[in-house]
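Chemist: There's a structure below that I have some questions on.
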Amino acid sequence: MLHKTRGIVFKTTDYGESSVVVQVFTEKFGLQSYIVNGAKKPKAKISRNMLQPLHLLDMVVYHKEGGNVQRIKELKNSPVLQSIPYDVIKSSVAMFLNEVLYKAVRQQSADENMFDFIFSAIQWLDHQTTDFNNFHLLFLLKLSRYLGFYPDRHLAEQTDYFDLKNGVFSRYKPDSALYLSPPHTQSFRLLLQSNFETIAGIKLSNDERRYLIGKLLDYFALHIEGFGNIKSHEVLEDVLS
Numbered sequence: 025m026l027h028k029t030r031g032i033v034f035k036t037t038d039y040g041e042s043s044v045v046v047q048v049f050t051e052k053f054g055l056q057s058y059i060v061n062g063a064k065k066p067k068a069k070i071s072r073n074m075l076q077p078l079h080l081l082d083m084v085v086y087h088k089e090g091g092n093v094q095r096i097k098e099l100k101n102s103p104v105l106q107s108i109p110y111d112v113i114k115s116s117v118a119m120f121l122n123e124v125l126y127k128a129v130r131q132q133s134a135d136e137n138m139f140d141f142i143f144s145a146i147q148w149l150d151h152q153t154t155d156f157n158n159f160h161l162l163f164l165l166k167l168s169r170y171l172g173f174y175p176d177r178h179l180a181e182q183t184d185y186f187d188l189k190n191g192v193f194s195r196y197k198p199d200s201a202l203y204l205s206p207p208h209t210q211s212f213r214l215l216l217q218s219n220f221e222t223i224a225g226i227k228l229s230n231d232e233r234r235y236l237i238g239k240l241l242d243y244f245a246l247h248i249e250g251f252g253n254i255k256s257h258e259v260l261e262d263v264l265s
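Throughout, the working numbering is defined as the position within the sequence shown, counted from one, plus 24.
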């Protein structure tokens with residue numbers, strides 16, 4: 025049966041001499057794998073270049089419930105990304121976010137709220153011309169809400185520590201080593217109070233940004249089984265510094 029759905033490319037893998045398998049987070053069906061025959065041929069109707077990480081799609085797909093690999097009837101990039109593929113900083117941000125999303129988002133069922141957040145955030149980054157150095161930090165925090173472990177902001181204004189393991193602010197230093205302490209707790213709290221439109225008002229040093237992204241990745245690893253290590257954040261922080 026044919027269905028129309030929007031999609032976000034997560035990963036494209038070569039399959040045979042001329043085909044690819046692309047993993048797409050779709051609005052209607054969650055994360056799905058699609059085989060695209062002939063995508064590597066010069067005159068392909070759906071080319072590999074259309075299936076780059078975090079490219080935004082309008083699709084007409086054949087969907088079989090419970091199928092491991094689905095098929096695409098029609099596909100176009102919509103909206104076409106104007107700056108992310110060509111800007112070294114934005115493309116590094118996209119590479120990092122793509123690696124996180126690929127490891128964190130696994131559900132093969134619709135989650136329209138999460139989809140709308142990711143889709144809109146990519147568009148925001150694509151349109152932004154300045155002041156997006158903290159975008160990836162805020163993106164991870166907001167993403168955690170849809171993944172089920174958004175920080176509990178109770179006591180945020182009255183405490184010095186954030187317990188990464190339990191996802192709560194605490195008056196006392198946690199027993200484990202998995203926590204934020206001053207001044208990092210204050211920076212973390214400011215991020216929690218921000219949105220993409222106000223993120224430019226948070227001034228973080230390169231060292232502070234690097235520290236916070238490391239702790240946020242620890243936070244994700246604590247709450248997502250099998251999350252593992254993220255490698256691309258080191259490249260990103262070098263580009264941002």
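Every residue, glycine too, gets a C-beta built ideally from N, C-alpha and C.
Could you work out which residue in LEU149, TYR58, HIS79 is closest to ASN219 when comparing CA atoms only?
Modeler: When each option's Cα is compared against that of ASN219, the closest is LEU149.
Chemist: Are the region 89-101 and the region 206-222 in contact at 8 angstroms, needing three or more beta carbon pairs?
Modeler: Flag = no, the region 89-101 and the region 206-222 do not touch.
Chemist: Give every residue of the same chain whose Cβ lies closer than 6 angstroms to the Cβ of PRO206, excluding the five residues on either side of it in the sequence, and list them in chain order.
Modeler: Counting only Cβ-Cβ distances below 6 angstroms, and skipping sequence neighbours, we find ASP184.
Chemist: At 3 residues or longer, what runs of the beta strand (DSSP E) sit wholly inside the region 147-202?
Modeler: As far as the region 147-202 is concerned, its whole beta strand (DSSP E) runs of at least 3 residues are 185-187, 192-194.
Chemist: Quick check on LEU78: does DSSP put it in helix, strand or coil?
Modeler: LEU78 falls in the coil class under three-state DSSP.
Chemist: When burial is assigned at 16 or more other CB atoms within 10 Å of the CB, is GLN137 buried or exposed?
Modeler: For the sequence presented, residue 137 should be read as Asn rather than Gln. Its Cβ having fewer than 16 others within 10 Å, ASN137 is exposed.
Chemist: Helix, strand or coil for ILE254 per DSSP?
Modeler: In this structure, ILE254 counts as coil in the three-state DSSP scheme.
Chemist: Return the chain-ordered list of same chain residues with a C-beta closer than 6 angstroms to the C-beta of LEU75, the five sequence neighbours on each side being excluded.
Modeler: Cβ within range, chain order: VAL33, THR36, VAL46.
Chemist: Label GLU181 either buried or exposed according to how many other C-beta atoms from any shown protein chain fall within 10 Å of its C-beta, with 16 as the threshold for buried.
Modeler: Classification of GLU181: exposed, given that the 10 Å Cβ count is below 16.
Chemist: Going by beta carbon distance, what residues of the same chain come within less than 7 angstroms of SER71, once the five residues before and after it are set aside?
Modeler: Hits under 7 angstroms: ALA63.
Chemist: What does the Cβ neighbour count give for THR50, buried or exposed, with the cut at 16 atoms within 10 Å?
Modeler: THR50 is buried by the Cβ-count criterion.
Chemist: Would you tell me roughly how many angstroms separate the C-alpha atoms of TYR86 and LYS28, rounded to the nearest one?
Modeler: So the two alpha carbons sit approximately 9 angstroms from each other.
Chemist: Can you check which of these residues, ASN157, ILE254, PHE163, VAL124, is closest to GLY225 by C-alpha distance?
Modeler: Taking only the C-alpha atoms, the option nearest GLY225 is ASN157.
Chemist: Would you mind sorting ALA118 into buried or exposed? The rule is 16 or more other CB atoms within 10 Å of its CB.
Modeler: Label assigned to ALA118: buried.
Chemist: Could you pull the start and end residues of the alpha helix (DSSP H) that THR50 belongs to?
Modeler: First-last for THR50: 43-50, but that is the beta strand (DSSP E), not the alpha helix (DSSP H).
Chemist: VAL124 to GLY54, Cα distance in whole Å?
Modeler: Their Cα atoms are separated by approximately 16 angstroms.
Chemist: Could you check the C-alpha separation between LEU80 and LEU240 for me, to the nearest Å?
Modeler: So the alpha carbons of these two residues sit roughly 26 angstroms apart.
Chemist: Compute the Euclidean distance between the alpha carbons of ASP242 and LYS67, then round it to the nearest angstrom.
Modeler: Rounded to whole angstroms, ASP242 to LYS67 spans 44 angstroms at the Cα level.
Chemist: What's the gap between the Cα of SER57 and the Cα of LYS197?
Modeler: Between SER57 and LYS197, the C-alpha separation is close to 44 angstroms.
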